[in-house]
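Peer 1: Just so you know, the sequences run in chain order G and E. Start counting the first sequence at 841; every next residue gets the next number (my numbering). Start counting the second sequence at 42; every next residue gets the next number (my numbering). Built from N, CA and C at the ideal position, the CB exists for glycine as well. All of these numbers come straight from a predicted model, not from anything done at the bench. Just passing along the structure, written as structure tokens.
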Amino acid sequence: MTIEGFTPVSALIGGALIGLAAAMLYAATGRIAGVSGIAGGLLRRSGDAPWRLLFLAGLMVGAALTALVAGAPSIRVETAWPVLVIAGLLVGYGTQLGSGCTSGHGVCGIARFSRRSIAATIVFMAAAALTVFIVRHAVGGA
Amino acid sequence: MLRLAATLGAGIVFGIGLVVSQMIDPGKVLAFLDITGKWDPSLALVMAGALAVAIPGFRLAAARKVPVFGGGFDQSRQRSIDGRLLSGAAVFGVGWGLVGFCPGPAIAALAFGRWEALLFVLAMLAGAWLFHLGRRRHAPVSA
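The structure is reproduced here in structure tokens:
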């Protein structure tokens, strides 16, 4: 194992902004900034689409605004389209079954010291790392 | 109205954070998950930064009786660490590790017109829809 590409300052600042956004949403509206839950609610047609759509639109607007100032970000996707589809299906299904994702469990849940979120985060981190290991080092790339 | 403006504002800050932290870049995420390879620990610091703000932020928020713009604080009805939580997390983790996209970054990446992000998001919505379809089949009384 070698360490490469470490960007500690932007990681901390970007992370702090994500944490701030989650705290802002909770303080202002009582809602959890878990993207899978917010998007899932749109599918379940829970009747409160406006705030959900606004938050998700905000993600895109914020990203675009940052690009205006700092240039378009690198977005490296090196997987074939069938893998993109399978990955999307798994992420969509798994986040609904597991009631959360990196923002919902990893940030909001852990911030509230939820044992469920701590457990979920450990499991999805391990599953993801194992998947990367198998794909990159055992199989040789997808 | 103010409630909706605050929601949009929170989304915007979140989106900025995703780009600044580079979490919008699947390559950056996979480099963190590639523990035995060329390892980039940055995602660990992204989480540390997020929690450093969110832990006190949530505590301050929860000290109020109601959110600033009214309504109530979301409370999870679930208490136990059950099979659904763990299997769902495992399935999500595999999907995340295959490409390096999770829901937030994938949606944010739509802003840059990337077809890969669009395909991923559509598949993600399909997967979520399939889950809820399955639930309705097995539980005819709507939840």
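(1) Ignoring anything shorter than 4 residues or poking outside the segment 895–979 of chain G, list the alpha helix (DSSP H) runs there in chain order.
(2) Within the continuous alpha helix (DSSP H) that includes Arg178(E), where are the two ends?
(3) For Thr842(G), which beta-bridge partners are listed by DSSP?
(4) State the start and end residues of the unbroken alpha helix (DSSP H) segment that holds Ala868(G).
(5) Please confirm whether Val979(G) has its beta-carbon closer than 9 Å to some beta-carbon of chain E.
(6) One question on the structure: do Ala131(E) and Val923(G) come within less than 9 Å of each other, judged by their Cβ atoms?
(7) Going by C-alpha distance, which of Leu970(G), Val849(G), Phe846(G) and Ile872(G) is nearest Gly52(E)?
(8) Leaving out five residues on either side along the sequence, give the residues of the same chain with a beta carbon under 7 Å from the beta carbon of Ala856(G).
(9) Suppose the cutoff is 6 Å on Cβ atoms and the five residues either side in sequence are ignored; what does the same chain contact list for Ala158(E) look like?
(10) Please list, in chain order, the residues of the segment 915–929 of chain G that have any C-beta partner in chain E closer than 8 Å.
(11) Would the beta-carbon of Leu937(G) fall within 9 Å of that of Phe142(E)?
(12) Hey, would you say Ile843(G) sits closer than 9 Å to Pro67(E), going by beta carbons?
(13) So, Ala879(G) versus Ala47(E), is the Cβ gap smaller than 9 Å?
Peer 2: Checking against the coordinates, here is how it stands:
(1) Listed in chain order, the alpha helix (DSSP H) runs fully inside the segment 895–979 of chain G are 921–937 and 955–973, counting runs of at least 4 residues.
(2) Trp156 to His179
(3) Lys79(E)
(4) Pro848 to Thr869
(5) no
(6) no
(7) It is Ile872(G).
(8) none
(9) Ala147, Ala150 and Leu151
(10) So the list reads Ile915, Arg916, Val917, Glu918, Thr919, Trp921, Val923, Leu924, Val925, Ile926, Ala927, Gly928 and Leu929, given in the order they occur along the chain.
(11) no
(12) no
(13) no
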